[in-house]
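Visitor: Residue numbers (my numbering): 11 to 99. Cβ coordinates follow ideal geometry from the N, Cα and C atoms, glycine included.
(1) Give me, in chain order, the residues of the same chain whose beta-carbon lies closer than 6 Å to that of residue 74; leave out the 5 immediate sequence neighbours on both sides.
(2) My assumption, with CB atoms under 8 Å, is that residue 35 sits in contact with residue 66. Please give the rounded CB distance.
(3) What are the start and end residues of the alpha helix (DSSP H) that includes residue 31?
(4) Quick check on residue 45: buried or exposed, where buried means 16 or more other Cβ atoms within 10 Å of its Cβ?
(5) Which value, in whole angstroms, describes the spacing of the CA atoms of residue 58 and residue 17?
(6) Should residue 70 be labelled buried (16 or more other beta-carbon atoms within 10 Å of its own) or exposed?
(7) Could you work out which residue in 76, 52, 51 and 40 is closest to residue 28 when comparing CA atoms only?
(8) Rounded to the nearest angstrom, what separates residue 26 and residue 13 at their Cα positions?
(9) Run through the region 44-74 for me and flag every whole beta strand (DSSP E) of 3 or more residues, listed as ranges in chain order.
Put into C-alpha cells, the structure is as follows:
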C-alpha cells in the first residue's frame, strides 16, 4: 500500500487520517516485535516479518498509504464480508 502510494498517491482523505493510520501500522509492527519465539526454526520468518514491518513504517511515513483499510488477516469467508471485499475466497 505504501509502495503503491509512492506511484499513484495515498487514498482520498489520507491527509486527515495520516496520524491514526500510521499509529495502527506501528501497533502492528510492535505486536510483531513481541512475538513469542517457539523454536529457532521460526527465527528467519520472524526476521523477515520484522524487516517487512520496518519497511511499512518507513515507506508509510514517506509516501502515505493507498489502501484505507489495513488488515493482517486473510479476507476469506465471513471475514471478507465484514471487510466489504469484492470476493471471499
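Guide: On the basis of the data shown:
(1) Taken in chain order, the residues that qualify are 15, 20 and 24.
(2) The Cβ separation is near 5 Å, so the contact holds.
(3) Taken as a continuous stretch (DSSP letters only), the alpha helix (DSSP H) holding residue 31 covers 24-43.
(4) Per the 10 Å Cβ criterion, exposed.
(5) Approximately 24 Å between the Cα atoms of the pair.
(6) In the assembly as shown, residue 70 is a buried residue. Its beta-carbon has 16 or more other beta-carbons within 10 Å.
(7) Closest by alpha carbon: 76.
(8) If you take the alpha carbons of residue 26 and residue 13, they lie about 20 Å apart.
(9) None, since the region 44-74 contains no complete beta strand (DSSP E) of that length.
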